[in-house]
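What follows is one structure encoded as structure tokens, with my remarks underneath.
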Amino acid sequence: MRTNGRPLVPGLASTVARATLIVPLLLGALGAQGQPVRNGALPEPLPLFPSDNWWNADVSAAPRDANEAAILAFIGASKGLHPDFGGDASESGPDIYGMPYLVVPGSQPLEPVAFDYADESDDGAPGRPAGYPIPVEVKTQAKWLEGGYPGNSGAGGDKHLLIVDRDNRLLFETWNTRCEPQGSPSCTWRAGSGAVFPLDSNLRRPDGWTSADAAGLAVLPGLVRYDEAFGSGPIRHALRFTVRATNGYVYPASHRAGNTNGAPPMGTRLRLKASRDLSGFPAPVQRIFQAMKTHGLILADNGSDMYVQGTYDTRWDNDVLNPAFASLKVGDFEVVQLGWQPTGLPTDPCESGPGPSCNEWLLPSSARIGGEGGAFYTTDLTVVNTGVTEARLFVRFLGHDADGRSGADRSFLLAAGRSATYADVLGLFGSGEAWGAVQLRSASPSLVATSQTWTPGGGGTFGQSVPLVSETELIRSGTTRTIPAVREDGSFRTNLILANGTGAPADVDVSLVAETGIVLGSRRWPLLPLGMTQVSRVVRELGVSADVSGARLVVSTPTAGGAFAAYASVIDAKTNDPRTLLPK
């Protein structure tokens, strides 16, 4: 029977037609969900990570750092900001501005990745098989990797690769990512370093560890994204930025990448002043700048001064962004208290004085100072947590008797069974040239700590190792200790280091005793509270002008309640090589 093209049931044909259109659209959408998507939709809720994460904290009321003026002056108060993101760098080449990120399904196959810094990298996600869900397109196609070049191109640059597994809620990030051998479509992956962050946790890298970022932080949560800037709500996270040089690190960072005198540490937070008028900027720019007021900027890498990072997106208009960012100057910012945390600074277990949860160790001397022949000595502090739970460490630079006890604290977390070396420990305090004692405190009694003060030389390194002395091992009133094998002649000299382990003044008596038992000289040295002094050529300071070999120093304190640490260094006059003599 003919129908003349009209439906037997009114509206049925249009319904069928709509269905035939909807089905392929649905199939296409479902297909897209099973494929990797560049700059795809991130899994809710946003922003990434819990609301109390360091990236998402509101810093508008956080205290300012006492050293703010010096930090801003180092960067340069008149320097403007720059948006380190945009679209394509050329019409025909693969070069891009900003970082792409990839969103993949949980079914994305895992690819093994070899790391240059394997001891500070994650082989895969916690509790899951090793590997990173890297799409095959990244090997040979442009604009999937930071810089824009394919993974097997051999191109230079940081080459960050940022991947979100939306189903398992995991963030995978690598730095210096390349597929080798160059030019091969069947290449295998290698990266400088890599880290995996569960999106539902505030998992922080162990202190001393890097990530795909020099500061040990995640990269993606600190990038400016187009969908945020042009959205209807505020940007609810801090932004990542760089400066030309850094000096140590503070929370939330976990890794250092420089020791430049006066430079800010990794993890430094800058905050745009609340008084800075934003009304003259376009709405998307206002959202970005308001985030700088509410959540601030976090120093995450070495690079160009005040470059703020964002995502690669061809919709960005740098003719608008560049002059807007440049109009903001370093002088428009404040520095949030270094090491500030959303929940407040960690509680010092020794804040209320000695007790069961207060454990202290004293390093009698440390250095960040020049020596003879152009040498520059620095001290590395190594701590081992032998316990079964993580330990929080508090480190304070005490200085020496000429410069007081005004050093700031730095706080670190050390996982159970792990060790960490805090290279150039005085650099963590922003010190220029300095020397003196260092105090370590923790609620955990299960720490073992030592130090190495050294300088490059002779094709290797050269210096001496000095262990930290626990509070229970200090030399106390009513006891004496002996430092053997003292020597002073034309080939060797002996220096004595004394450090007060208490918050009250103390005297230390020192006697030089010959092998025959005869006392060759004696003297008393006063120490300030938590004070430290170095007695150079101690034999001469004790009034002995003759050469001495095989003698011993006997040390004690006459001060009631006094407690101190001591050691001596016998130094080769020709090479300046020291030998550590510990008290017995």
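The opening position of the sequence shown corresponds to residue 0 in numbering that gives the first Met the number 0, with each subsequent residue numbered one higher.
Note that beta-carbon positions come from the ideal geometry of N, C-alpha and C, so glycine has one too.
In this text the structure is predicted, and so the values were computed from the model without any measurement.
Practice prompt. With DSSP collapsed to three states, give me the class of Arg243.
Written response: Residue state, collapsed to three classes: coil.
Worksheet item: In the DSSP assignment, what residue or residues form a beta bridge with Lys328?
Response: Gly79, per the DSSP bridge assignment.
Worksheet item: Taking Phe563 as the reference, which of Pro483, Ala550, Ser469, Val135 has the closest Cα?
Response: Of the listed residues, the one whose Cα sits closest to Phe563 is Ser469.
Worksheet item: On the three-state DSSP scale, how would you describe Arg539?
Response: helix
Discussion item. Contact between the region 341 to 356 and the region 425 to 437 is defined here as three or more beta-carbon pairs at a separation below 8 Å; is this criterion met?
Written reply: no
Fill in: Burial state of Phe375 (16 or more Cβ within 10 Å)
It is exposed - the Cβ of Phe375 has fewer than 16 other Cβ atoms within 10 Å.
Worksheet item: Apart from the five residues on each side of it in sequence, which residues of its chain come closer than 6 Å, Cβ to Cβ, to Pro23?
Response: A caution first: Pro23 carries a pLDDT of 38, below 50, which makes its placement in the model unreliable, though a value can still be read off. No residues qualify anywhere along the chain.
Worksheet item: Excluding the five sequence neighbours on either side, which residues of its own chain have a C-beta within less than 6 Å of the C-beta of Glu227, listed in chain order?
Response: Ile234
Fill in: beta strand (DSSP E) segment containing Ile368, residue limits
358 to 369
Fill in: Inter-stretch contact (C-beta, 8 Å, three-pair minimum) for the region 306 to 316 and the region 44 to 55
no
Worksheet entry | DSSP-derived helix/strand/coil call for Ala290 | helix
Fill in: Outcome for Asp166 when other beta-carbon atoms lying within 10 angstroms are tallied against a minimum of 16
exposed
Discussion item. DSSP three-state label for Tyr585, please.
Written reply: Past the boundaries of the shown model lies residue 585; the chain is included only from 0 to 583, so the question cannot be answered.
Worksheet item: Does the beta-carbon of Phe229 have 16 or more other beta-carbons within 10 angstroms, so that it is buried, or is it exposed?
Response: exposed
Discussion item. For Leu298, which residues in the same chain have their Cβ closer than 8 Å to its Cβ, ignoring the five residues on either side in sequence?
Written reply: Ala214, Phe240, Thr241, Val242, Thr245, Ala252, Pro263, Pro264, Met265, Gly266, Thr267, Arg268, Leu269
Worksheet item: Touching or not, the region 382 to 390 and the region 364 to 371, by the rule of three or more beta carbon pairs under 8 Å?
Response: no
Discussion item. Once the 5 residues before and after Pro363 are set aside, which same chain residues still bring their CB inside 8 Å of it?
Written reply: Excluding residues up to 5 positions away in sequence, Ala436, Val465, Val468, Ile496, Leu497, Ala498, Met531, Ala564, Ala565, Tyr566 lie with their Cβ nearer than 8 Å to the Cβ of Pro363 in the same chain.
Worksheet entry | CA-to-CA distance, Trp453 to Met98, given in whole angstroms | The alpha-carbon of Met98 is positioned some 40 Å away from that of Trp453.
Worksheet entry | Cβ-Cβ separation, Gly542 to Glu514 (assumed contact under 8 Å), whole Å | Their Cβ separation, rounded to whole angstroms, is 19 Å, which puts Glu514 and Gly542 out of contact at 8 Å.
Worksheet item: Buried or exposed: Ser278, going by 16 or more other Cβ atoms within 10 Å of its Cβ?
Response: exposed
Worksheet item: Which one or two residues does DSSP pair with Met531 in a beta bridge?
Response: Ala498
Worksheet item: In this structure, does DSSP put Val424 in helix, strand or coil?
Response: Secondary structure at Val424: helix, using DSSP grouped into helix, strand and coil.
Fill in: Residues bridged to Ser510 (per DSSP)
Ser521, Val553
Discussion item. Within a Cβ cutoff of 6 Å, which residues of the same chain sit near Gly61, ignoring the five residues on either side of it in sequence?
Written reply: For the record, residue 61 in the displayed sequence is Ala; it is not Gly. Same-chain partners within the cutoff: Val335, Trp339.
Worksheet item: In the structure shown, what three-state DSSP assignment does Ala237 receive?
Response: coil
Worksheet item: Quick one: Cα of Ser510 to Cα of Ala422, how far?
Response: 36 Å
Discussion item. Excluding the 5 residues flanking Leu337 on each side, which residues of the same chain have their C-beta closer than 7 Å to its C-beta?
Written reply: Asp64, Val249, Pro264, Thr267
Worksheet item: Taking Leu581 as the reference, which of Val102, Gln533, Asn494, Pro483 has the closest Cα?
Response: Pro483
Item to complete: Reducing DSSP to helix, strand and coil, say where Ile487 ends up.
Response: Reading the sequence as shown, one finds Glu at residue 487 and not Ile. Correct three-state label for Glu487: strand.
Item to complete: Locate the beta strand (DSSP E) running through Phe114, then write down its first and last residues.
Response: 112 to 114
Practice prompt. Could you say if the region 432 to 449 and the region 552 to 563 meet the contact criterion of at least three C-beta pairs nearer than 8 Å?
Written response: no
Item to complete: Look at the alpha carbon of Gly30 and the alpha carbon of Gly85, and state the distance between them as a whole number of angstroms.
Response: Here Gly30 scores only 41 on pLDDT, less than 50, and its place in the model should not be relied on; the value that follows carries that caveat. Approximately 29 Å, taken between the alpha carbons.
Practice prompt. Compute the distance between the beta-carbons of Arg37 and Trp143, then report whether it is under 9 Å.
Written response: yes
Worksheet item: Buried or exposed: Leu20, going by 16 or more other Cβ atoms within 10 Å of its Cβ?
Response: Note on Leu20: pLDDT 37, under 50, position unreliable in the model; the coordinate value appears next. So Leu20 counts as exposed.
Fill in: Cβ separation of Val284 and Val329, assumed to be a contact under 8 Å, to the nearest whole Å
The pair is not a contact, with the Cβ atoms about 18 Å apart (cut-off 8 Å).
Fill in: Three or more C-beta pairs below 8 Å linking the region 122 to 138 and the region 188 to 200
yes
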